[in-house]
Every structure is written in C-alpha cells, then in structure tokens.
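Numbering (my numbering), first residue to last: 6 to 254.
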C-alpha cells in the first residue's frame, strides 16, 4: 500500500512538471524588427563667388583660336555643400544661354570674340534638389583690333519678364540697366506696346527709367517692351523683348 501511494505521488509530480514546462514555452518566437535608419537632411549648397572674367570689363586674356573665337578661363570659388557646378554663359546679343557642368571650380570655354556676355554659376549637391545661384556678371570678350565698342544690350530689370503684376498708379514704370566699356552711352530708345511692339520708339531718354505709360483702361492687357542703347559714336545694341500683364490696385 505504501509503495502504491509512492508511485501515485511520483506520477502526479511528473505530470505537474510536464505541464509547467509546456506552459513556459511560448507559442512563437517574436521577430526582431530591423532598426530604422535615421535620415540626415542634406544641406543646400552655398552660392559660388565669381572670380574671372570680372564684372563690367573687357576680357583680353585667353587663347585666341581664330578671328572669330577665343578660349576664356572662367573661375569661381568653391562653395560649401557642393558636389558639382553648372556654368551658365549668355550671349547678350543673341540671348542664347549655354550650360556646362563640372566638378571643378573653373572651366575653359570657347566663345565668340567681339561679343558681350553674361555669366553665372549654379551650385548643386547630391541628395537634394535645392540649388544656389551666384551673382550674374557681364563682360566683353575682346575682338580683333577693336578701338570703339558698341554698348552692351540693356538689361531689362522691371517688370520681370512674363510677370502678372498688380501696380499702384505711382509704380507704372519701366526700369533697365545700361553698360558700355567706353562709358559713352548717349541715349536709350524705348519700344513699348500692347499685343505687339511699335516699329518706332515711344520715347528717347538719357535716364534708365520710363514712367507713366499705363492708365486704368489698360488693365488686363499684356504689354511688350525692349530698349535700344546708343553711344556717342552711333554704335547701338538692342535688348531682348520682355512682356508683362498689367493690373491695378
């Protein structure tokens, strides 16, 4: 009888241990989740500082290729957070712009002689769509045996091209900038009209601003304008054509 009781107690203890062991085993092993990578924002590139060709000067340095072209070295300072640069060069006579890409802070480009240009640099960086643009400088690439130079085409400043602007009656004006290496600009011819440009100028000025050309009846119209620059020797240049739509406060 005592042996039988001992066997029952052993079996019961074995069952309890077995149950306890089964209940301690989890149904499934939890998966280890991968750690999330922390995205570090990419800083926008800084604008480059232009070095050469200098602003509003005649460029006489470079390698002459022939009577039409010369090679000019464009230089700018390295900018922060920048992987590459785009060099923009605009022919001020044709208004045609070319873009050249490089990872360096200089480029040698073949350009027309006896021609005014504008240039600038766009800084770009990997990992961001943000860019930065430098100042815009103008220069004249020296030609063959030139003594007298034609003025640069006027830079149309205000209103901005293809803009839709709301003006006060005190701010209906055109503004532009002129430059001549010889420093002998004589006058500016203003061409201005709705829907199309007139063949004759509406004003001839020595200043770089034309005021009071719009009235209430002109609200909602699109206007076009350009400036012809003339120097004291009769040399001249024509700007590009800009447009804007007029609204009144």
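Positions of the beta carbon are idealized from the N, C-alpha and C atoms, including for glycine. On a predicted model such as this, the values are computed, not experimentally measured, just so you know.
**Asked** residue 74 and residue 115: beta carbons closer than 8 Å?
**Response** yes
**Asked** Cβ atoms of residue 130 and residue 100: under 8 Å apart, would you say?
**Response** no
**Prompt:** With DSSP run on the structure shown, which of helix, strand or coil describes residue 7?
**Reply:** In this prediction, residue 7 scores a pLDDT of 46, lower than 50, which makes its location untrustworthy; no coordinate-derived value is stated.
**Message:** What does the alpha-carbon distance come out to for the pair residue 213 and residue 70?
**Reply:** 37 Å
**Asked** Which residue comes first and which comes last in the beta strand (DSSP E) that contains residue 91?
**Response** 89 to 96
**Prompt:** Nearest CA to the CA of residue 124: which residue from 249, 55, 239?
**Reply:** 55
**Request:** Helix, strand or coil for residue 226, going by three-state DSSP, please let me know.
**Result:** coil
**Asked** CB-CB under 7 Å to residue 48, same chain, minus the five flanking residues each way: which ones, in chain order?
**Response** 86
**Rounded separation between residue 266 and residue 185 - CA only** = Here the chain has residues from 6 to 254 only, and residue 266 is not among them.
**Request:** Could you name the residues that DSSP lists as bridge partners for residue 158?
**Result:** Paired residue(s): none; residue 158 is not in a bridge.
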